[in-house]
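In terms of numbering that gives the first Met the number 0, the sequence shown has 42 at position 43, counting the first letter as 1, and numbering is strictly consecutive. Beta carbons: idealized from backbone N, C-alpha and C, even for Gly. The structure presented is a predicted model; accordingly, all values stated were derived computationally and were not measured.
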Amino acid sequence: MKTRTFENKVVLLTGADGEIGTALIKEMIARKVRKIYATGIAKERLHQVASIFPAHLTPVLLDVTNEDSIRQAVEQCQDVDIVINNAGVELKSNFTGEQAGKKALMEMQINYIGIIHMVNYFLPVLQKGEESSILNILSVGSHTVINHIATYCASKTAAHLLTQSLRPELALVGVDIIGVYPGYVDSSMSADIQTEKITLVALAQNICTDFEKGLHDIFPDPMSKKLFAQYPILMPQLD
């Protein structure tokens, strides 16, 4: 298994204005990353995060649902080695409610279509470098039934299948694509859920450690490890 490193790499991170994004930033800096393009849609929050790590962070406004926004980011970020697709949304809803379709569309646009656009537009940049990688932050919801977030799980399942399907294709052009499948994280999103959770610090550490080990499918917490040991999601490739 070929190992990887964050040291001296240039990373583009979507969803950098969120809790998991901030935790990943801190961990990558500890691993001597050269530069991080911290991207997101919350301008003030991005600049706030960048002000904490001015030597390493460049804030970039980026909406993964807007192709023009992605194109502008590509023009600005031509030296990227690693793209981390961390932007995501979970909209709890009763599926029989009137807003179910609208919420499902938003989840698909951000959690699935957004990844497609990011991979498609940044692939020419990644192909220019050596040891380039894409990390897709997915979820145990990629292959699990969870009450009240059916459409979220559907969007993450779509992103999981995309990740697995693209892996052999991108390998032909020298780009690794990695799926990350965390369980419940101790964050504001899961504050009302009483179950086993991993801390943000431990999550970021485990993701980065397994990435550097060369793994292609990362289960960064006890819950995800146990779940996927019982119900594997890695499917055989069909030509």
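Please report how far the alpha carbon of Gly-213 lies from the alpha carbon of Thr-162, in whole angstroms. C-alpha separation (whole angstroms): 16 Å.
From the DSSP output, read off the bridge partner residues of Gly-178. Gly-178 pairs with Asn-135 and Asp-216.
Does the beta-carbon distance from Thr-65 to Ile-136 come in below 8 Å? Correcting the residue type first, residue 65 is Asn in the shown sequence and not Thr. No, Cβ-Cβ distance for Asn-65 and Ile-136 is not below 8 Å.
Simplified DSSP assignment, three categories, for Thr-95: Thr-95: coil per DSSP, three-state reduction.
Residues sharing a beta bridge with Thr-38, DSSP: Answer is Val-59, bridged to Thr-38.
Which of helix, strand or coil DSSP assigns to Val-118: DSSP, read as helix, strand or coil, puts Val-118 in helix.
Whether Val-139 touches Met-222 by CB criterion (8 Å): The answer is yes: Cβ separation under 8 Å.
Taking the DSSP output, what are the residues bridged to Asn-84? BP columns for Asn-84 point to Asn-135.
Return yes when the Cβ of Ser-132 is within less than 8 Å of the Cβ of Val-174, no when it is not. The beta carbons of Val-174 and Ser-132 sit closer together than 8 Å.
I need the straight-line Cα distance from Met-105 to Cys-152, nearest angstrom please. Approximately 13 Å, taken between the alpha carbons.
Could you tell me the distance, in whole angstroms, from the CA atom of Arg-33 to the CA atom of Ser-50? Approximately 16 Å between the Cα atoms of the pair.
Which of helix, strand or coil does DSSP assign to Val-10? Strand, per DSSP.
Would you decide whether Gly-178 is buried or exposed? Buried here means 16 or more other CB atoms lie within 10 Å of its CB. Looking at its Cβ environment, which holds 16 or more other Cβ atoms inside 10 Å, Gly-178 is buried.
Classify Ala-203 as buried or exposed, calling it buried when 16 or more other Cβ atoms lie within 10 Å of its own Cβ. Around the beta-carbon of Ala-203, 16 or more other beta-carbon atoms lie within 10 Å, marking it buried.
Asp-80 versus Leu-60 - alpha carbon distance: When rounded, the distance between both Cα atoms is 19 Å.
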